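Student:
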Amino acid sequence: MGCFCCFKPPKAKEEPSYEKGREGKNTNTLVYLAKNLSIGSGTYKRRFVAEEILRIGNGNCHARVFTFAELAAATNGFKAECLLGEGGFGRVYRGHLRDTNQDIAVKQLERSGVQGSREFLVEVLMLSLLHHPNLVNLIGYCADGNQRILVYEYMPLGSLEDHLLDLCPGQRPLDWSTRMRIAEGAAKGLEYLHDTAKPPVIFRDFKASNILLDREYKPRLSDFGLAKVGPVGDKSHVSTRVMGTYGYCAPEYALTGQLTKMSDVYSFGVVFLEIITGRRAIDMSRHSSEQHLVQWAEPLLKDKTKFAEMADPLLEGKYPTKGLYQALAVAAMCLQEEASSRPLISDVVTALEYLAASPSDPPPRSSPSRDGNGSDGGEEGKRRLPSSHGDQETRASLRNREENMGRI
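All residue numbers for the sequence shown refer to the UniProt record's numbering, where the first residue is 1 and numbers rise by one.
#1: Report the start-end ranges of each alpha helix (DSSP H) in the segment 61-102 that is 4 residues or longer and not cut off at the edges.
#2: Using a Cβ-Cβ cutoff of less than 7 Å, which residues in the same chain neighbour Leu-328 once the five nearest sequence positions on both sides are dropped?
#3: Name the DSSP beta bridge partners of Ile-202, please?
#4: Using DSSP with H/G/I as helix, E/B as strand and the rest coil, what is Glu-153?
#5: Using a threshold of 9 Å, state whether the C-beta atoms of Tyr-217 and Leu-314 are closer than that.
#6: I'd like to check one pair, Val-65 with Cys-142: are the Cβ atoms closer than 9 Å?
#7: With respect to the alpha helix (DSSP H) encompassing residue 461, which residues constitute its N-terminal and C-terminal limits?
#8: Determine the DSSP secondary structure at Arg-280, reduced to helix, strand or coil.
#9: Hey, which unbroken runs of the alpha helix (DSSP H) at 4 residues or more fall wholly within the segment 146-195?
#10: Taking the DSSP output, what are the residues bridged to Cys-142?
#11: Nearest to Ser-209 by CA position, among Ala-281, Thr-350 and Gln-147, is which residue?
#12: So Leu-255 is in the beta strand (DSSP E); what residue range does that whole segment cover?
#13: Alpha carbon to alpha carbon, how far is Cys-249 from Lys-318?
#14: Please state the DSSP three-state secondary structure of Val-122.
#15: Nearer than 8 Å: is that true of the beta carbon of Ala-297 relative to any heavy atom of the ligand GTP?
#16: Less than 9 Å separating the beta-carbons of residue 470 and Arg-342?
#17: Please look up how many angstroms separate the CB atoms of Met-155 and Arg-220, rounded, as I've assumed it's under 8 Å.
#18: Taking the beta strand (DSSP E) that Leu-212 belongs to, which residues open and close that run?
#19: Can the beta-carbon of Ser-346 be found closer than 9 Å to that of His-194?
#20: Exposed or buried, what is Asp-303 when buried is set at 16 or more other beta-carbons lying within 10 Å of its beta-carbon?
#21: Determine the closest residue to Ala-74 out of Gly-90, Val-330, Lys-107 and Leu-135, with distance taken between C-alpha atoms.
#22: Would DSSP call Pro-313 helix, strand or coil?
#23: Is the Cβ-Cβ distance between Glu-119 and Gly-225 less than 9 Å?
#24: Return helix, strand or coil for Gln-108, following the three-state DSSP convention.
#25: Is Val-330 helix, strand or coil when you go by DSSP?
#26: Report the residue from Leu-160, Ile-202, Ala-183 and Leu-130 whose alpha carbon sits nearest the alpha carbon of Ala-351.
#27: With DSSP as the reference, identify every bridge partner of Pro-219, one or two as the case may be.
#28: For Ala-227 and Ile-211, I'd like the C-alpha separation in whole angstroms.
#29: Straight-line CA distance for Asn-76 to Gln-102?
#30: Am I right that Leu-150 and Glu-110 are in contact with their C-beta atoms under 8 Å? What's the rounded C-beta distance?
#31: Name the DSSP beta bridge partners of Leu-352, please?
#32: Compare the Cα-Cα distances from Leu-355 to each of Lys-198, Gln-295, Arg-204 and Ser-177 and report the closest residue.
#33: Quick one: what's got a C-beta closer than 6 Å to Ser-358's C-beta in the same chain, skipping five residues either side?
#34: Taking the alpha-carbon of Val-348 as reference, which of Glu-337, Ser-340, Glu-338 and Ala-331 has the nearest alpha-carbon?
#35: Does the Cβ of Gln-326 have 16 or more other Cβ atoms within 10 Å, making it buried, or fewer, making it exposed?
#36: Taking DSSP's pairing of strands, which residues face Leu-135 in a bridge?
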């Protein structure tokens, strides 16, 4: 498959979003964070978390400091009816701040474990220093006693995983255009971390459940607990303990612990393949030959006649054939085994901007479900799928752009 650097003319790079005059402070703080994060086994005492944030933040941490009582009031005492979800690091509750009339998501971390404390500190500092439309907004935190609580803006549509891999009965799947726009926005979030943040930041845990959606299906990267300040100077990588989620980790990182920006690009390729196929990165409920998404896709990506079989059946064929081919080509390039063969995330963004603007083909009359059974979808299937948000480019402008686009 050829390169996709000709999808459209080069775009102007986004300017750093932090205020002019503060870039140096933010840069110094990120470097300081990388070198001086002192939480370690045997030396850390939980009551010093707040002091550590102030020490490393160096006056740049503007997140609001909440008391436990304030957050208990906002979540009705952390009652079950406010619970949004839970995972390995704790629980997330929906809350409301009366003083600002703002809905919030309150992430209460487990109160034991040194690693959890380190992740709490990293997330508070990272999200206090890094700001972009495709990164979740950290409102504040609570470090009362042994509590470690993060407070974010509330994302009403939940995560990409909720709309792609964990659909409720009767829930309409995302249409092709919306999927491409979500992929584009998520890639722009990574692009900001890789190319604008100084030094660069490696996300390290890019997956569907860490991509949150606002009311307009605009994606926001969340959960920066595993994020790592990238290599600086003449260093090519960061050596670190292998962490992340099985099925999303780049092979070289899993084998050697050497982390680079290309590790994130690989993880993006896995998520993009999930977006296209509607399959999980790891799905033990499938036949053994289909449990690992990347391994299942590898032979199919080498045969164009198989591309249509890879599209999510829930799309009901409502996608541009050329767009599907191009999307799979982007995913395949991101999933190259050799890190040096993967594209820069900025090139991925360029390709996805084109794909997100491409119109969808008319749908066929019927299509199979994900389990392979044919279905016309009944009345629900006749209803329009969620539309992509934002203005579409005209077909005329697309034709002009295609003059500059190379073929895959």
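Ideal Cβ positions, reconstructed from N, Cα and C, are used throughout, including at glycine.
Model, not experiment: these values are computed from the prediction.
Tutor: Checking against the coordinates, here is how it stands:
#1: Complete alpha helix (DSSP H) runs here, min 4: 68-74.
#2: Ile-276, Leu-301, Phe-307 and Met-310
#3: Looking at the DSSP output, Ile-202 bridges to Lys-228.
#4: strand
#5: no
#6: In contact: Cys-142 and Val-65 (Cβ atoms closer than 9 Å).
#7: Here the chain covers residues 1 to 408 and nothing more, so residue 461 does not appear.
#8: coil
#9: Runs of the alpha helix (DSSP H) inside the segment 146-195: 160-164 and 176-191.
#10: Ile-149
#11: Ala-281
#12: Premise fails: Leu-255 lies in the alpha helix (DSSP H), 251-256, not in any beta strand (DSSP E).
#13: 31 Å
#14: helix
#15: Absence of the ligand GTP is noted for the structure shown, with no ligands found whatsoever.
#16: Past the boundaries of the shown model lies residue 470; the chain is included only from 1 to 408, so the question cannot be answered.
#17: Contact flag correct, Cβ pair sits at about 6 Å.
#18: Start and end: 211-213.
#19: yes
#20: exposed
#21: Lys-107
#22: helix
#23: yes
#24: Gln-108 carries a strand assignment under DSSP once its states are collapsed to helix, strand and coil.
#25: helix
#26: Ala-183
#27: Leu-213
#28: 14 Å
#29: 15 Å
#30: So it is not a contact: roughly 13 Å between Cβ atoms.
#31: Answer by DSSP bridge pairing: none, since Leu-352 is not bridged.
#32: Ser-177
#33: Pro-320 and Gly-323
#34: Ala-331
#35: Per the 10 Å Cβ criterion, buried.
#36: Leu-221
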